[in-house]
Amino acid sequence: MEKLVIHNDITKKLNYFIETQKIPHIIFYGPSGSGKHELLNYFIEKIYKNNKTFIKEHVMYVNCAHGKGIRFIRDELKFFAKTNINNHKGSIFKSIILFNAGNLTTDAQSALRRCIEQFSHTTRFFIIIEDIDSLLKPILSRFCNIYIPQPLINNKKVCLHNYNQIDISEVKPMLERSKWLKKIMNSRNNYNSISKCKVLSLKIYERGFSALDIINYIENVKNLDREIKYNILIFIDKMRKEFRNEKLLILNILNILFLRKKIDLENIISI
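Heads up: the sequence shown begins at 19 in this note's numbering, then just goes up one per residue.
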């Protein structure tokens, strides 16, 4: 597969941050399909020298698509940020990556700002977002803001989601995560009790997945009866509005998929 070289100027800037050991908090913003995720994945791998153990221990992925509130910032995110690590005389730091951060409530964004101020000496924050105006100005002022335009290929702006010649190595981290989740979800016979589902839900959460990732898996799975699939999706859609705890929501979805043998459409609709 032909290697697609894009955003060289931005890559050089990221490399400069690493070479000078002056890595700021960064917001990667721009339209869908511009390569924001690929650039950040490249950056994280360079920071931690492609050491998967370091990345697993030092990087937290957070999907804010559910409009996470102030409790999440105070409890989950702050807990990770203040956890002690061996920082190798300051050369290693933790990273918190926030996707769809514009969906954070105003209070949550204010709490995030305070968290950034408190833990900047040990933690870097990276945000991926399309609309930078959805973030509070006090947050923007604490970040290096890098605009990622859709790349020009053959003198045309291209959405990478639709470009079929992109080098697979550029999206390898995302593909590996997707493959892991698919393998776990296809091993339902190994999770035949609520205690096993609880352990799995924690593992899924700690790997940076959200309930939306599981919903996306259900939508695309092919070996599930069409009617059952959409009954499950309807049930989850109604149920998730009642949850504010992401881990608990994931556990309940696993309970539906692995432990409930049949979902009655009539009961779902009446919920």
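Note that CB positions come from ideal geometry on N, CA and C, so glycine has one too.
Anticipated Cβ contact below 8 Å, residue i with residue j, distance rounded
i           : j           : result
residue 24  : residue 48  : With 8 Å as the limit, residue 24 and residue 48 do not qualify as a contact, their Cβ atoms being about 12 Å apart.
residue 144 : residue 44  : 5 Å
residue 218 : residue 236 : With a Cβ gap of about 15 Å, residue 218 and residue 236 do not count as contacting.
residue 79  : residue 115 : 5 Å
residue 269 : residue 216 : 6 Å
residue 141 : residue 112 : 5 Å
residue 262 : residue 87  : 6 Å
Residue i, DSSP secondary structure in three states
i           : result
residue 188 : Confidence at residue 188 is low in this model, with a pLDDT of 49, below 50, so its placement is unreliable and the value that follows should be read with caution. In this structure, residue 188 counts as helix in the three-state DSSP scheme.
residue 162 : strand
residue 170 : strand
residue 116 : strand
residue 66  : coil
residue 209 : coil
Distance, residue j Cα to residue i Cα
i           : j           : result
residue 133 : residue 174 : 41 Å
residue 30  : residue 37  : 10 Å
residue 77  : residue 196 : 17 Å
residue 122 : residue 40  : 28 Å
residue 90  : residue 129 : 10 Å
Cβ-based neighbour list, residue i, same chain, cut-off 8 Å, excluding 5 preceding and 5 following
i           : result
residue 148 : 47, 48, 49, 50 and 120
residue 153 : 45, 119, 120, 127, 145 and 147
Contacts around residue i, its chain only, beta-carbon distance under 6 Å, and the 5 residues preceding and following it disregarded
i           : result
residue 232 : 271
residue 150 : 47
Nonlocal neighbours in the same chain, by C-beta distance under 7 Å from residue i, ignoring five residues either side
i           : result
residue 163 : 45, 47 and 150
**Message:** Would you call the region 236-248 in contact with the region 216-228, where contact means no fewer than 3 C-beta pairs closer than 8 Å?
**Reply:** no
**Message:** Count Cβ pairs between the region 54-69 and the region 149-159 that sit closer than 8 Å; are there 3 or more?
**Reply:** no
**Message:** Closer than 8 Å is the cut-off here; do at least three beta carbon pairs connect the region 198-211 with the region 163-173?
**Reply:** no
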